[in-house]
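Those sequence lines, one after another, are chains C and P. Going by the working numbering, the final residue of the first sequence carries number 290, and the count climbs one at a time with no gaps. Going by the working numbering, the final residue of the second sequence carries number 290, and the count climbs one at a time with no gaps.
Protein chains: 2
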Amino acid sequence: MKNSVRAFAPATVANVCCGFDVLGFAVDHPGDEVLLTLNDSREVSIAQIIGDGGRLPHEAGKNTAGVAVHSYLQAIGERVGVEIQLFKNLPLGSGMGSSAASGVAALVAINHLMGNRLSRKELVPFAMEAERIACGSAHADNVAPSLMGGFVLIRDYQPLDVVKIDVKLELYCTLVHPHIEVKTSDSRRVLRPTVSLRDAVTQSGNIAGLMLGLTQSDYALIARSLKDVIAEPVRSAFIPGFEAVRSAAVRAGGLGCGISGSGPTLFALSKDADMAQRVAQAMQHEFANHQLKTDVVISKLNPEGAKII
Amino acid sequence: MKNSVRAFAPATVANVCCGFDVLGFAVDHPGDEVLLTLNDSREVSIAQIIGDGGRLPHEAGKNTAGVAVHSYLQAIGERVGVEIQLFKNLPLGSGMGSSAASGVAALVAINHLMGNRLSRKELVPFAMEAERIACGSAHADNVAPSLMGGFVLIRDYQPLDVVKIDVKLELYCTLVHPHIEVKTSDSRRVLRPTVSLRDAVTQSGNIAGLMLGLTQSDYALIARSLKDVIAEPVRSAFIPGFEAVRSAAVRAGGLGCGISGSGPTLFALSKDADMAQRVAQAMQHEFANHQLKTDVVISKLNPEGAKII
């Protein structure tokens, strides 16, 4: 039996405009990596974390990778010792699913070492437990796509109903991370507890349109549907130049553009790599007009999710 | 050139649980028929209406069939005389899209006589104009499926975006019409102007799930998604025994059950004709327990919409 393995889990975009709190997708890169090694300690421990600037807790019970492994081992009834080395490539608090990727990479690694006893979908609840530690709520819209790849719908939580979306067309994602900090707690706080019936219907029409655009391979319908009347109107206030950047992305040919998770990263979707590149330049230029430096990544969508490397 | 034609337009179920105000589908039968005859009068007139119990206006400008034909002829710039005979098979105010079917049948007939100058989708706005006369608002969730067949999403109205859903699996509809009257104005009045953010998210998850269930041919997902947390909780109060009837439909094997349009007709969806029959009996029995007589129809879904007969 192998006692050490390395795994990669990709960044993810949650919400996806009209999919507030129900939708996410995975990109091919960047992502986090873990190296898991079994030992005789019967404990889960974090040996080192590289790339977090010293900001993440090394206590296994407070780290998404540690919590994910611990809850998995408890569920399958194995009491083995596990040492975790975590290689962070995703910026913390950026809206790219950084905490989710660490937990997912660790889960996929431990599941591999235990003979893949659970399916990717069955791993979702353990990754959600880890999210609860990191974010205060057990959301699945980052962990499910990071585990399963592609676009994933979280139809419901009680009981959990996670549906992989059968997308046949090519999509490229542009991720633009402006150098500002938006606290998740602030992003949550500004959401209004009620929405108008009209806005709820508009959101329904758009999420339905997006599902049909994705499954019926209709780029134009995807573009028409990528609108958010619920979270974006209030959350965009945290991102200087948001509307100008969004418009620039669409003018440059992007199918749509919105806030990735609760921000501050913005995502845009494009039909091909060239367009995604033009969209990236337009967004970066517009952020620069608002005195914001940015990091930019262009990636295909990731069809399979986290993997052993 | 032919100067007379007969057309049929099917009944429709709007809303479809989680698809409040954005979704509808057409059944194979029952439906309304029109006989259109061109003449030299240069006016649109209603010659006779059969089956309405004398309740519908014979003035062409107040009848959905008349309004639909008139607005179509104006748009294509033809000033021909048209005599309409209308054969109503759908009960008025039942929630089965009765006014829509009359308008749609008339439109398909006049478009046929004019050489099919417009596509089915292009006819939607004229049928909506007719709905405005009948219902006070230009909704498309009955007229679009009656014109185009199958399941149709109304993603948006400004501008109008009507999307036919590519459904490959078999579906049967049970329509149960209890002998009570629910005024559309009352059904509209009880809707709350705001919904909780939580309910809006739940509705998003369910409409997205229904779209995926339909396009990815997943009966179980369709069943899990056929829930309405927005209109049904308030509108079901108009229908004695609603919850008992809905539960009976699901216990009998139905994929889901809800209010057709704004009621009082209830619809249920089933995988096959036998199941739709058992569902019908269960629903009828439960309504009888609540001292309500019912009419029942079982039909396949109509894939093509209105037709020349």
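By construction, the Cβ of each residue, glycine as well, lies at the ideal position given by its N, Cα and C atoms. Quick caveat: nothing in here was measured; it's all calculated off a predicted structure.
{"query": "Element boundaries [beta strand (DSSP E), containing H158/C]", "result": "Y153 to P159"}
{"query": "Opening and closing residue of the alpha helix (DSSP H) in which L128/P lies", "result": "V124 to M129"}
{"query": "Other residues of its chain near V215/P: CB distance less than 8 Å, five sequence neighbours each side excluded", "result": "V171, L172 and R173"}
{"query": "Chain-ordered residues of the region 241 to 270 of chain C with a beta carbon less than 9 Å from chain P", "result": "none"}
{"query": "Cβ-based contacts, 9 Å cut-off: residues of the region -12 to 8 of chain P near chain C", "result": "C(-1), G0, F1, D2, V3 and L4"}
{"query": "Spatial distance of L273/P from G35/P (CA atoms)", "result": "25 Å"}
{"query": "Neighbourhood of I27/C by C-beta distance below 6 Å, restricted to the same chain and skipping five residues each side", "result": "H39, A41, N44, G47 and I65"}
{"query": "CB-CB length for L128/P against V85/P, believed under 8 Å", "result": "5 Å"}
{"query": "Contact residues within the region 220 to 240 of chain P, judged by C-beta distance below 7 Å to chain C", "result": "none"}
{"query": "Below-8 Å beta-carbon distance, I91/P vs any chain C residue", "result": "no"}
{"query": "One or two residues paired with G237/P in a DSSP bridge", "result": "L250/P"}
{"query": "Boundaries (first-last residue) of the alpha helix (DSSP H) holding H93/P", "result": "S79 to L94"}
{"query": "Residues bridged to R(-13)/P (per DSSP)", "result": "L16/P"}
{"query": "Cα-Cα separation, H51/C to K288/C", "result": "20 Å"}
{"query": "A257/P, DSSP secondary structure in three states", "result": "helix"}
{"query": "Proximal chain C residues relative to A181/P, where beta-carbon distance stays under 7 Å", "result": "V176, A181, Q184 and I211"}
{"query": "Segment limits, alpha helix (DSSP H) that includes L207/C", "result": "First-last for L207/C: undefined, no H or E at that position."}
{"query": "Closer than 8 Å to chain C by CB, N123/P", "result": "no"}
{"query": "Residues within the region 134 to 151 of chain P neighbouring chain C, beta-carbon criterion of under 7 Å", "result": "L134, I135, R136, D137, D142, V144, I146 and D147"}
{"query": "Length of the line joining the Cα atoms of A249/C and A87/P", "result": "45 Å"}
{"query": "Bridge partners - A7/P, DSSP secondary structure assignment", "result": "T(-7)/P"}
{"query": "8 Å CB neighbourhood of R60/C in its chain, flanking five on each side removed", "result": "R23 and L54"}
{"query": "Boundaries of the beta strand (DSSP E) in which D142/C is found, first to last residue", "result": "L141 to K145"}
{"query": "Buried or exposed (CB count within 10 angstroms, at least 16 for buried), I57/C", "result": "exposed"}
{"query": "Own chain partners of A225/C with C-beta closer than 6 Å, once the 5 adjacent residues on each side are dropped", "result": "E267"}
{"query": "Minimum Cβ-Cβ distance from R205/C to chain P less than 8 Å", "result": "yes"}
{"query": "Proximal residues to I114/C (C-beta, below 7 Å), its chain only, five neighbours per side dropped", "result": "K43, T45 and V48"}
{"query": "Cβ pair E112/P, A81/P closer than 8 Å", "result": "yes"}
{"query": "The region 186 to 203 of chain P: positions lying closer than 7 Å to chain C by Cβ", "result": "G186, N187, I188, A189, G190, M192, L193, T196, Q197 and L202"}
{"query": "Chain-ordered neighbours of L172/C on chain P, where CB pairs are closer than 8 Å", "result": "L178"}
{"query": "C-beta atoms of G190/C and D209/C nearer than 8 Å", "result": "no"}
{"query": "Cα-Cα separation, P221/P to N270/P", "result": "10 Å"}
{"query": "Exposure label - N(-16)/C; buried when at least 16 CB within 10 Å", "result": "exposed"}
{"query": "Residues bridged to D276/P [DSSP beta-bridge criterion]", "result": "H158/P"}
{"query": "Stretch pair the region 88 to 96 of chain P + the region 68 to 80 of chain P: three plus CB contacts closer than 8 Å", "result": "no"}
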